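Take 21 as the starting number for the sequence shown in my numbering and just add one per residue. For every residue, glycine included, the Cβ atom is placed at its ideal position computed from N, Cα and C. No experiment lies behind these values; they were computed from the predicted model shown. Data first, discussion second: the structure below is written as C-alpha cells.
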Amino acid sequence: MPGVDDPKVWMFQCKRGEEAGLCIQLMNKAIAAMSSGHTIGITAACAGKSKGYIYVEGYSEPLVMAAVTGVRALWAHTMRILPISDMTSIMNVTCERKPVKEGQWLRMTRKPYRGDLCRVVSVRGDGVTCVVKSVPRLDLGVHGVTAEQAKERRARIRSGAFVPPKRFFSGEEVAQAGGIVSNGRLPGYVDTYSTYESQYFDNDGYLIREVKVGSVVVQCKEGEGPTLEELQEFRKKGRGGEEGENADGDDDDGGEGTLLDELSALQQDRDNKGHGIALGDAVVVVEGDLVGMKGKVHYIDDTTVKVIPADSSLGIGEVEFLVNQVRKHIDVGAHVKVVDGRYADETGVVVAVADNEGEKIAFLLTDMTSKEISVRVSQVVESADVSTGQAKLQGYELFDLVGLSGGGATNEVGVVVRVGREEFEVVNNHGQNRTVRPEELRGKRNTSSLRAAAMDFQGNHVRVGDSVNVIEGAHKNKSATIKHIHRA
C-alpha cells in the first residue's frame, strides 16, 4: 500500500476513447522536457478500467497541473486527488474474455433465458462476438388478450416473475395464436430466418441471436457442462414439435456426431481425471488380476490409486492400481449425497445399482420428495447429510405468499413450503398441498400480506409476525407465528 511519503495520484476526466492516447501525449511531453534538461513534475500516467478518466502521479499539485496544461481532450478543471486507499484499485487487472469456437456449449445469462444452454453457430473475427442457437421460450398468451394485459405479461417476463416454458418455434402455431411471422436477415449476415417480435428463428425452430461472450452468454465452467437431459431437450426437431429426420441425435453442425456422443466424450474427459474417486471412497477393481476386489482408497494422484482391501482375509496390504482399473462402489441401502450434475446437493437412500453400457447408475429415493432419481455412481458420496431443498427458484423464495393459477379458483393463493429444482410445493388457502411449476405462479403477495390485518377469536387485531395460539381444528393447542395474511 502507498504511504504518505509516496507520490499522490490525481484523476482527470477526458474524452471517452482517448485515454491511452492522452497518456502517450504526457509521456512524449516528459521525454521532450528531459531531452532539454528539464522535468515536468509527474512520475507516471495511466488509463484505468474506467472509461473517460486518466490518472496522473506526482508529488505536487501545481506541477501536475502544469504538466497537463495544453493537452487537448483532457479537462484540467476536473482534477481530483485520489485517497490513498483507492490508489491501488486503478491498477486492478481484469481477465480477458476467452474466445469461443463453433460448436461450443455456452450458458445464457439474461432473463428469461438465464441458465439455458446454447450452442455457438458461428464466430466473428474477435472471438468474443458470436451467433448462438438455443431452444426458444415463447409466450403466445400475449395474443388474444388486451394490449394492457399483453404489456403486463411481457413486463413479468422481463422481470423474471414469469418464465415461459421451452418450445421450438413453429410459424403455423404462432400464426394460429395471432402472431405475425415474416422473413428477414440477421444484421450483418446473409442467411434468411423466420422473424417474430424482432427475434430470429431457423428452419428447425431454434432461436438465433448474435451475442457478446461475457455479457449475454458465458462459457460453461468445469463440471457444469450440458447434462443428458439438456442435450435431449436440445435435440433437433422440425416445426410443430415433431422430431425431424435428425431426431435420433444426429447433429449436422459440423459432422461432430450425435449430441449423446458428445455427452459421452465430456463425461469421458471427467472420468479420465479420476472417475469421481476421492480419498476414503469405497471402490471395486474392474481390471487386472484382482477383478471384483473391494476396498477403500488410501492414496490417489493423477494416474494411480492405493487401495486397502475390505476383506482382511485376503492377507494382503495396500495395493496400487491405475485409476482406470477401479470404479467407485456404492452399496444398496447406503445414504448418499449427489455432488455433481443436475441433482447436485440432493440426498437419499440408494435403492438399486444398475449397469448401463459400462457405466454404473445408482437409483436414489430422495429425502425431500421421496421421488426416485437416477445418477452416476461417480456423482455421489456416502453422507449422513439430509437435504433441506433450495432457498430460491426463478425469483421465488421459501415461505413467499404467491398467487396460483390452474387450480380452478380465481383468487387462489398459497405459501411456498418447499423449493425444488424445477417446481414448488405450496399450501394453498384451502389447506391443500399443491406441486406447481414456476410458470403457474402469478407473482408474490408479500407486500399486501405485510399491510393486511385480521381479527382473532377475541376480537383483537393480529398482523404478520404476531404469535398466536390455535384453539380449534387439527392444530389445536399449538403455538405459532403468523407468516402471512391474505384478504380475499
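Partner residues in the beta bridge of Glu392, as assigned by DSSP, are Leu385.
Within the same chain, Cβ atoms closer than 8 Å to the Cβ of Val201 are found at Gly191, Val194, Ala195, Ser214, Thr215, Tyr216, the five residues on either side in sequence being excluded. Within the same chain, Leu42, Gly72, Tyr73, Ile74, Ala93, Leu94, Trp95 come within 8 Å of Cys34 by CB-CB distance, once the 5 residues on both sides are set aside. In the DSSP assignment, Val194 falls within the alpha helix (DSSP H) that extends over 191-197. If you keep only unbroken beta strand (DSSP E) runs of at least 3 residues inside the segment 311-377, you get 314-320, 324-329, 339-342, 346-348, 355-358, 367-376.
In the three-state reduction of the DSSP assignment, Lys69 falls in the coil class. The residue among Asp375, Glu340, Ala175, Val304 with its C-alpha nearest the C-alpha of Ala330 is Val304. The residues Met128, Gly180, in chain order, have a CB closer than 8 Å to that of Arg134 in the same chain once the five nearest residues on each side in sequence are set aside. Assignment of Gly161 by DSSP, reduced to helix, strand and coil, places it in the helix class. If you check the CB distance, Lys121 and Val140 come in under 8 Å. Segment contact: the segment 478-487 against the segment 437-448, fewer than three CB-CB distances shorter than 8 Å; contact not assigned. The three-state reading of DSSP puts Phe254 in helix, counting H, G and I together.
Remark: C-beta atoms of Ile62 and Leu83 approach each other more closely than 8 Å. A contact is defined here as three or more CB-CB pairs under 8 Å, and the segment 350-358 meets this definition with respect to the segment 403-417. Taking the Cα positions, Ser468 is about 35 Å away from Gly199. For Ala50, the enclosing alpha helix (DSSP H) has its first and last residue at 39-55. Approximately 6 Å separates the beta-carbon atoms of Arg187 and Leu158; this is inside 8 Å, confirming the contact. Between the C-alpha atoms of Glu307 and Asp211 there is a straight-line separation of about 52 Å. The continuous beta strand (DSSP E) containing Ile228 extends over residues 227-232. Secondary structure within the segment 401-467: the beta strand (DSSP E) runs of 3 or more consecutive residues, fully enclosed, are 421-424, 433-439, 444-448, 453-456, 461-464 (chain order). The shortest C-alpha to C-alpha distance from Asn431 to any of Val439, Leu421, Arg438, Gly440 is the one to Leu421.
DSSP places Ser214 in the strand class (E or B) of the three-state scheme. Burial check for Asp351: the Cβ neighbour count within 10 Å stays below 16, so the residue is exposed. Taking the C-beta atoms as reference points, Thr324 is found nearer than 8 Å to Leu342. For Val88, the uninterrupted alpha helix (DSSP H) segment begins and ends at 81-88. Nearest to Asp222 by alpha-carbon distance, out of Val231, Gly204, Glu250, Ser235, is Gly204. In the three-state reduction of the DSSP assignment, Lys171 falls in the helix class. The three-state secondary structure of Thr501, taken from DSSP, is strand. For Gln399, the three-state secondary structure derived from DSSP is helix. DSSP lists Lys232 as the bridge partner or partners of Thr149.
DSSP, read as helix, strand or coil, puts Glu249 in helix.
Assigned with DSSP and collapsed to three states, Thr108 falls in helix.
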